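Residues in the sequence shown are numbered consecutively from 1, following full-length UniProt numbering.
The beta-carbon is built from N, C-alpha and C at its ideal position, and this holds for glycine as well.
Model, not experiment: these values are computed from the prediction.
Input: a single structure, listed below in C-alpha cells.
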Amino acid sequence: MSALEPLCDYCVKVDLRPERPSKQLPRKDKWSLGPGSRIKNSRCPMCRLVRHVFYEVERTELDMLHARLSERTDVILEWFQASGPGGRGAFYVHNTSEHWICFTGKSDTHSLAAGHYYLQPKLRSELEVSRVSRWLSTCTSKHAIDCNAEGPMTFEDAFPGLQVLRFIDVKRNCLVETQSICQYVALSYVWGAVPNFRLTKANKRELSVPGGIETVWKMIPRTIRDAIEFTRMLGRCYLCVDALCLLQNNREDLELGVAVMDQVYERSWLTIIAACGHDANAGLPGVREGSRKFSNLTLDVKRDISLGVYTGLDLLYRHSVHNSRAWTFQEHLLPRRAVYFVDNKIFFRCREAEYTECCLDHPQPCGPGVTRTSLLPPTVYMSEPLIDFAIMLLYYTRRALTNQDDVLRAMEGTIRRFSEKIKCRFLEGLPTAALDAFITFQSSNWTGLHRRTRFPSYSWVGWKGAITISTQNINNDWLRMKTWIIWHKRSLSGITNLVWDPAANELFPTVNPEYIGYRERQPFRSLPALGIITSRTTPTEDLTFDMARFTYPLLQFWTLALFYKIGNIDVFKAHGDILAEGGTVCGQMWLDGFEETTFFESEGMFEVILLSECVPDLYNVMLLEWNAGVAERRGIGTIKLSAIDKSFPPGPVWKEIILA
C-alpha cells in the first residue's frame with residue numbers, strides 16, 4: 001500500500017470533521033487554498049480533488065463562463081451543511097457549478113445515510129438491480145399521486161385518438177397490441193446515424209409471433225436490446241419503444257402515436273432515459289456484462305477519511321446528446337419516474353425523490369427542484385402554467401431538429417396539456433390568452449436567431465435558436481394596462497377572426513383572476529401626444545396579396561409605426577442601437593436572421609412598430625421587413641417612450657400590419 005501524501009499547508013487547515021458538535025461553533029466554513037497555479041502542481045490529495053472539480057467543470061459545461069483553475073488568484077473552498085447531494089453536507093469550490101466534494105460513506109449500498117458520509121467509494125461494473133428495484137418499490141408504495149398515473153381511466157381518456165397501444169412483450173419476445181390500461185416501461189433514446197431496425201407494415205405480422213423479436217435480435221440497436229434486458233431484470237413484461245411500436249411507414253399510425261407521446265411517457269410505470277453516447281448503439285452501461293468498467297470514485301486524504309467529487313444529474317444530463325435533441329425534451333420532462341443512464345452512471349428520479357448509485361440512499365430524500373443547473377423540474381406541475389411554458393421554451397428551443405418541420409410536432413403533447421391547463425387555444429405555438437407576452441421573445445444566447453421557413457416569423461417556431469421570454473410581463477395587470485393591440489388572424493382562405501375570442505375559449509374562467517389572460521383592454525395612448533387618430537382596430541377584409549404562398553395564418557392588427565436608423569451594430573451579437581434624428585440613441589434592437597439577408601446593409605430608415613409597454617419609460621418594438629404587402633419580423637427591441645415623436649418621416653403613423 002503506497003504512503004498517503006500529506007495535506008499541503010493550505011488544506012491542512014480545512015476542517016474534515018463534518019459532524020462535530022455544534023457547541024464547538026463558531027466553525028470556519030470557508031478556506032483559502034491559494035492561487036490556482038499552486039493547486040495545479042500540488043501533490044496534496046485535497047488539491048487533487050479540487051483539480052478534479054475543475055476537470056468536471058471543463059468536461060460538463062460547454063458554455064463555461066467560470067475562470068479556469070490556473071486563472072484564479074485565490075481558490076475558495078466552502079462547506080455547506082445541507083446543500084450537497086440529497087440535502088447533505090459537502091464542500092464546494094466557490095464560483096463553480098454543482099460539483100461537490102463529498103465524504104465517503106462507511107456502509108454498503110443496502111444502508112441508509114442521512115449524515116455527511118454517503119459517497120460510494122467504488123462504482124461496480126454491473127448495475128445493482130436490487131437497488132433500482134428498491135427505489136421503484138419506495139416510489140410506487142409510499143409516494144402520492146404525483147408519482148402515480150391517475151386512475152381508473154378508460155383507454156380513450158388516457159390516450160385520446162389512439163386505436164391501439166403496442167409494446168414489446170419481453171417475456172414472449174414479440175409485439176403485442178392492447179386497448180387496456182396496463183403497466184409498462186418506456187424507452188427514451190437518441191436514434192443517431194446508426195441503422196435502426198423499425199416496425200413496418202411488412203414485418204408487423206412476423207414480429208407479433210412469439211419469438212419474433214429473437215429472429216431480428218442482431219438487427220436491433222444495442223440500446224433497445226439493453227432496454228429489453230433491463231425490463232426483464234425488473235420483472236416487468238411490456239416495453240414501449242417508438243421504432244418498434246409505431247408503424248414507421250404508416251403516416252396515420254405515426255401521427256396518432258406522436259400526438260399522445262406525452263401521455264405514453266407520463267403514464268409509464270417507468271421511463272428509461274438512455275443518455276449515454278451519441279446514438280442507439282451506445283447501450284445502457286451496466287446492464288450487459290462488460291459494458292461498463294469498475295471505477296474508483298474517491299481518494300484518501302487522511303487516515304480513515306476519503307472524499308470524492310460528485311456531479312449531479314442535471315449537470316451531467318445537460319452535457320448529453322440526449323439533451324440536445326428536440327424530440328427527447330418531453331420524454332425527459334414528463335415521466336413520473338425515470339431511470340437515467342448518463343455518463344456511465346445510473347440515477348433514479350421521480351416527483352418526490354432522487355437517488356443515485358454513486359451515493360448511499362437518504363432515508364428522506366429530496367425531490368427534484370430548481371437548481372443552478374436547471375429551472376425545468378418544477379415546470380411539470382404547471383402551477384404557474386404560462387410562466388412554466390415560457391421556461392420550457394427556454395430549454396426546448398436550445399435543442400436540435402433533424403427535420404425542421406417537426407418543431408411543433410415534437411412539442412404537440414406538451415402544448416396540448418398547457419392548453420388544457422391555461423384554458424385557451426394556441427396559435428402557432430403561442431398561447432392566445434397572453435399573446436403580447438410571448439410575441440416579444442428574443443435570442444437567449446447572444447448569437448441571434450435564424451429563420452425557419454414554412455413557419456411564421458411572429459412565433460418562436462419560425463426561428464432556429466434558443467429564445468427567452470420575459471416572465472415579468474406574464475400577469476393580468478400588465479395585459480390590462482400595458483397592451484392595446486387587438487390581434488386578428490387571417491386564415492389561408494382569407495377569413496379574419498380574433499386571435500383571442502372569449503366565445504371560442506368558452507372554458508376560460510374570466511371571473512377567476514388566478515387565470516392569466518385578456519379581459520379589459522386599454523386603448524393606445526402616447527406621451528407625448530401625437531395628434532393622430534389611433535382608434536381604429538378593425539381589420540381590412542379585402543386585401544390584394546396572394547395567400548397561396550403561406551402555409552399558416554397571418555396576424556393582422558393596427559398599431560403605431562415609426563422609422564429610425566440602426567447603427568453601432570455588433571456583428572457578433574447581432575445587436576444594434578436605434579437612432580433617432582440627429583443620431584441620438586433612443587433604443588436597442590436584437591437583429592434576427594442577421595447573416596441571412598442583405599436587409600441590414602441598408603443605410604436608410606427601418607420601420608419598427610410598437611407592441612406594448614415594457615418596463616417604465618420603454619416600449620417593446622418589432623423591426624419589420626415588407627415583401628409584397630406582407631411584413632416579417634426582423635428584430636425585437638425597446639425604445640424610450642419619449643422617442644416616438646422623434647421618428648423620421650413618414651412616421652409616426654397609425655398603421656395596419658399584416659405579419660407573416
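Exclusion of the five residues before and after Y117 leaves F103, G105, K106 as the residues of its chain whose Cβ lies within less than 6 Å of its Cβ. Assignment of T483 by DSSP, reduced to helix, strand and coil, places it in the coil class. The Cβ atoms of V50 and V12 lie no closer than 8 Å to each other. For R48 and F167, the gap between their C-alpha atoms comes out near 49 Å.
Taken atom to atom, the span from the alpha-carbon of L611 to that of T440 is near 8 Å. Within the same chain, and ignoring the five residues on either side of K640 in sequence, the residues whose Cβ sits closer than 7 Å to its Cβ are C586, G587, D617, L618. Distance from the CA of V461 to the CA of T402, rounded to the nearest whole angstrom, comes to 15 Å.
Checking the DSSP bridge columns, you'll see H450 partnered with K464. Residue environment: K489 is assigned as buried (16 or more neighbouring CB atoms within 10 Å of its CB, all protein chains considered). When C-alpha distances from D477 are compared across P652, Q81, S42, D436, the shortest belongs to D436. A Cβ-Cβ distance of about 5 Å is found for the pair C276 and F341, placing them in contact under the 8 Å criterion. Counting along the chain, A243 sits inside the alpha helix (DSSP H) bounded by residues 242-245. Contact between the region 297-310 and the region 240-249 is absent: fewer than three C-beta pairs spanning the two stretches fall below 8 Å. Within the same chain, Cβ atoms closer than 7 Å to the Cβ of Y396 are found at A326, F329, M411, the five residues on either side in sequence being excluded. Across the set I467, T483, R454, the C-alpha of T483 shows the shortest separation from the C-alpha of A434. Rounded to whole angstroms, the separation of the alpha carbons of K573 and T584 is 21 Å. DSSP places Q248 outside both helix and strand once states are collapsed to three, so it counts as coil. Fewer than three Cβ pairs drawn from the region 443-462 and the region 358-375 lie within less than 8 Å of each other, which leaves the two stretches out of contact.
With contacts defined by Cβ atoms closer than 8 Å, L579 and I569 do not form a contacting pair. A residue is called buried when at least 16 other Cβ atoms come within 10 angstroms of its Cβ; F294 does not meet this threshold and is exposed. Cβ neighbours of V260 within its own chain (closer than 8 Å, five residues either side excluded): F159, P160, G161, L162, G413. Runs of the alpha helix (DSSP H) lying entirely within the region 259-339 and spanning at least 4 residues, in chain order: 261-266, 313-318, 329-333. With a threshold of 16 other beta carbon atoms within 10 Å, V615 falls short and is exposed. Counting every other CB atom within 10 Å of its CB across the protein chains shown gives S130 a total below 16, marking it as exposed.
Counting along the chain, V132 sits inside the alpha helix (DSSP H) bounded by residues 129-142. By the criterion of at least three beta-carbon pairs nearer than 8 Å, the region 266-275 is not in contact with the region 206-217. In chain order, A561, F563, L624 place their CB closer than 7 Å to the CB of E607, counting only its own chain and leaving out the 5 sequence neighbours on each side. Per the DSSP secondary-structure output, A186 pairs in a beta bridge with C240, T271. When DSSP states are grouped into helix, strand and coil, L254 belongs to the helix group. DSSP places G151 outside any beta strand (DSSP E), giving it a letter other than H or E. When the five nearest sequence neighbours on each side are left out, the beta carbons in the same chain lying within less than 6 Å of the beta carbon of W79 are those of D29, F91, in order along the chain. Taking all protein chains in view, the Cβ of Y55 is surrounded by fewer than 16 other Cβ atoms within 10 Å, so the residue is classified as exposed. If you ignore the 5 residues before and after Q183, its C-beta comes within less than 6 Å of the C-beta of W269, all in its own chain and listed in chain order. Taking C-beta separations shorter than 8 Å and ignoring five residues to either side along the sequence, the partners of E206 in its chain run G212, T215, following chain order. In this structure, R480 keeps its C-beta atom at 8 Å or more from the C-beta atom of R525. A548 and P456 have their C-alpha atoms roughly 14 Å apart.
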